[in-house]
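Colleague: Got a structure here, written out as structure tokens. Questions coming.
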Amino acid sequence: MEEISVRKVAAVILMARELGRAEGELRGFIDRMSEEEQAALVAIMWIGRDAFDAEEWDEAYATALAEASTPTADYLIGTPHVADHLESGLEALGYDSSEEEDELLNRGS
């Protein structure tokens, strides 16, 4: 999963949990990501939603790159439980976002 850092995914998870307050910030954050990072974010979410298995990372990532017709921010914000799916996807891929989330939260306060 070298296409995106766990820290960036953790930041998206935190903003997605505060969607009412942070939607504009979340949109801007995702829009500034590279195409590869955006595809990785979608692939992680799909894995967390069980559309793909963690072992199918390459396929999920390639599909996200190939099928990126809707702006990624719109797609993710329109997905129910996106923060939970991103956390589950990271976990399935062997990453834990809780430390990164805690650091980001503490830095913000």
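For the sequence shown, the positions run 5 to 113 when our numbering is used.
Heads up, the beta-carbon is just placed ideally off N, CA and C, and yes, glycines get one too.
Would you decide whether S73 is buried or exposed? Buried here means 16 or more other CB atoms lie within 10 Å of its CB.
Modeller: Exposed, by the Cβ-count rule.
Colleague: Going along the chain, which residues of its own chain have a beta-carbon closer than 7 Å to the beta-carbon of A26, five neighbours each way excluded?
Modeller: The residues are M19.
Colleague: Can you tell me whether H89 is buried or exposed, with buried defined as 16 or more other CB within 10 angstroms of its CB?
Modeller: Buried, by the Cβ-count rule.
Colleague: Whose CA, out of T67, E63, D57 and A43, lies closest to the CA of P75?
Modeller: When only C-alpha atoms are compared, the closest one is A43.
Colleague: With DSSP collapsed to three states, give me the class of D78.
Modeller: Helix.
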